[in-house]
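Written out below as structure tokens is the structure these notes cover.
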Amino acid sequence: MTRDGPVWRADYEFDRDASAWAFYNSSNLNGSRQPWRPRDWAVLTPGVVLERVGDLDVLRTRDGGPTPRRISLGLTPRGDALEGDYPALLFTDGSVALFTGAFDVFALARPDPAELTADEIADSRRQGANARISWKDRSGPVLAHGRRTQNAETQDGRAYVLFGRTRVKDAERLVSVADPELPVWIAASLETFAPRVIDHYAMKLGPGQTDRPTILSTWYGPTQGTTNYGGSVLPGLIVMTFEGQELLTPSEAVLSENRWFIAHEAAHFWLGQTVRAERSRESWITEGGADLLAVRAMQTLDDRFDARELLQKEVDDCVDLGDRPVAGAGQRGDHRAYYACGAVLAMAAEALQSRATGGDWFDFLQPLIEDNRASGVLLRSAWLNRLSSLSPDAALATDIDAFLDNGSADPAGFVRSLFDRTGVGYERTGERIVLTLSARQSR
Ligand SMILES: [Zn+2]
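Oh and the sequence shown: position 331 is 341 in the working numbering, straight run, nothing missing.
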């Protein structure tokens, strides 16, 4: 992967013959749901095309013959947010960070994936491996795995490599790579709050995946009429993007939102990396779980944080989206269901924990994380078993299981019954479920 001024070039050398190559991370653009790679990457090798086929970006020949062993592509990195995936990050000083996993491919036995069964594709995916990538910037060193070098090499599908000179700030508890134009008060808030929230989680949940993360933050400008935060996590790394005029002026409200955002992302060093969901379709465990972890952490660390408003929105959104299956909701673009319904289920679990031991969401999760550290996976069945261990209501886990797989014809009815059976306080206002948080919960 070479950058030469404005020209970005990826030169693939494949280790075997294949009818076609598909990209592991073939997600769509947020919003439009269009594939980004055919838009941003152009094949330079004659006779070869990069096309969207079903839900995969595929490299193959125009005439259906075998793909050559060497294929070159010209890239135009753009920073658009992706659905459940890691975008390129553009910095205002011209630096660019690329996600290593964007280059990983697996071989296909036929040029048209539609002619392959789901099992055959899954099998091909398993046989692939992370690409070994050399990174070269003609104008200077690149930053990979925390080091600036002239010739970096990675074989890691879960990292970013930074091209350009954006300053790396090495602190005791945090490595920060912030866009030089990111408003100073945001950068400062990241640097002070991230270690605090990480300490809080570590105290409640035991060691997480890292206690000295890198935070990579970009600034997409003081756009009027919009305020955008974007974020994601990778091992040891939180990636954040900020945009909007409102962010130029320090305010308690924005600061609190900003902290909430860090708290959610940092929660993934436990729920997501120390233990992860088995498959992305079970992201309700990690996203809803991280939301409630962040709420509980914020209530301790930030006096002004309004838990009620946030949790109420989770309930409202879950009722809206709960008529369809929560598991796999991301495949149809309903990622929000993972957060909202995942948080609603977490609130129910927490209420049972509270009834059983006076504990909270941390207490529900802590043994689940501890028991699954070795495998690194938190299965739905383990989550439900833990729930069942706190309740004599034998049908509860079965009903949640069915809700996850099928949704409910009456999502409001399902959520009410869930809250009745576990002890989450609410009032009925017309059809709406309005949370009435106990003094302790809304502290
Ligand atoms: Zn998340």
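Heads up, the beta-carbon is just placed ideally off N, CA and C, and yes, glycines get one too. Quick caveat, the model's predicted, so the values are computed rather than measured.
Item, Value
"heavy atom of ligand 1 below 6 Å from A119 C-beta", "no"
"Whole-Å CB distance - D114 paired with G64, under 8 Å assumed", "At roughly 18 Å, the Cβ-Cβ gap does not stay under 8 Å, so D114 and G64 are not in contact."
"Alpha helix (DSSP H) segments (min. 4 residues) lying fully within the stretch 421-446", "421-432"
"E267 Cβ short of 6 Å to ligand 1 heavy atom set", "no"
"Spatial distance of F203 from R269 (CA atoms)", "7 Å"
"Euclidean distance between Cα positions of R26 and D409", "48 Å"
"Coil, strand or helix - D27 by DSSP", "coil"
"Residue range of the alpha helix (DSSP H) that includes W280", "Careful: W280 lies outside any alpha helix (DSSP H) and carries neither H nor E."
"Burial state of A449 (16 or more Cβ within 10 Å)", "Per-residue confidence for A449 stands at a pLDDT of 43, beneath the threshold of 50, marking its modelled position as unreliable; no derived number is given."
"Sequence-distant residues of its chain with Cβ nearer than 6 Å to G57 (five each side left out)", "T71, R72"
"Within 7 Å, strictly: CB atoms of A359 and L397", "yes"
"CA-to-CA distance, T367 to S37, given in whole angstroms", "42 Å"
"Reduced DSSP secondary structure (H/G/I, E/B, other) of S82", "strand"
"Distance between beta carbons of A317 and V305, contact taken as under 8 Å", "5 Å"
"Extent of the continuous alpha helix (DSSP H) to which L257 belongs", "Neither: L257 is in no alpha helix (DSSP H) and is coded neither H nor E."
"Runs of alpha helix (DSSP H) lying entirely within the stretch 353-422, each at least 4 residues, in chain order", "371-381, 390-398, 405-416"
"Start-end ranges of the beta strand (DSSP E) lying completely within the stretch 171-206, minimum 3 residues", "178-180, 185-188"
"Burial state of S391, where buried means 16 or more other Cβ atoms lie within 10 Å", "exposed"
"Identified DSSP bridge partners for T164", "I143"
"Length-filtered (3 minimum) beta strand (DSSP E) runs lying within the stretch 33-82", "51-53, 58-63, 66-71"
"Contact set, ligand 1 heavy atom to C-beta under 6 Å", "H274, H278, E297, A300"
"Nearest candidate by alpha-carbon position, reference W31, set A384, E191, G75", "G75"
"Straight-line gap, Y96 to P402 (C-alpha atoms, nearest Å)", "42 Å"
"Closest Cα partner of W46 within the set T55, L54, E61", "E61"
"Under the three-state DSSP convention, the category V152 falls into", "strand"
"7 Å Cβ shell around S266 - same chain, five flanking residues per side excluded", "D312, R314, F315"
"Per-residue burial, A132 [other beta carbons within 10 Å of its own, 16 or more giving buried]", "exposed"
"C-alpha distance - G174 paired with G254, whole-angstrom precision", "24 Å"
"F101 - DSSP class collapsed to helix/strand/coil", "coil"
"N416 versus A350: straight-line alpha-carbon distance, rounded", "16 Å"
"Meets three-Cβ-pair contact criterion under 8 Å: the stretch 138-149 and the stretch 198-216", "no"
"Contact under 7 Å by Cβ, Q5 with P151", "Because the chain here runs from 11 to 453, residue 5 falls outside it and cannot be looked at."
"Residue burial classification, E292 (beta-carbon count within 10 angstroms, cutoff 16)", "buried"
"Nearest neighbour of W280, chosen from V207, R183, E256, R289 [CA to CA]", "V207"
"Contacting residues, own chain, Cβ-Cβ under 7 Å from A356 (five flanking each side not counted)", "G298, G299, L302, W371"
"Backbone secondary structure at A339 - three-state DSSP", "helix"
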